[in-house]
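The sequence shown maps to residues 1 to 69 in the UniProt record's numbering.
We put the CB at the ideal spot given by N, CA and C, even for glycine.
Quick caveat: nothing in here was measured; it's all calculated off a predicted structure.
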Amino acid sequence: MTDYTTVSIPKDLADRVEETIEGTSFSSTSDLVRFLLRSIVIQREQQGELTEAEFSEIADQLEDLGYLD
């Protein structure tokens, strides 16, 4: 059995995410957040430590998509 924890995001961001995932394979905000975090972790594991530039690029992309303020 997998243990879970709670991650808090602002309500307005959660609303934007809900609108964004409509019509996609993501069934919830949690699904999308798990996917994004898993992708970042896998990338880090494959490439070793993320450089500051790589981290900044990922953060910029997430911000452009509306997932970060």
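{"Item": "Rounded Cβ spacing between I21 and I40 (contact assumed at less than 8 Å)", "Value": "Their Cβ separation, rounded to whole angstroms, is 18 Å, which puts I21 and I40 out of contact at 8 Å."}
{"Item": "C-alpha distance - R34 paired with Y4, whole-angstrom precision", "Value": "11 Å"}
{"Item": "Given D12 as reference, the closest of E49, S56, T29, R44 once Cα atoms are compared", "Value": "T29"}
{"Item": "Buried versus exposed call for L65 [16 or more other C-beta atoms within 10 Å across all chains shown]", "Value": "exposed"}
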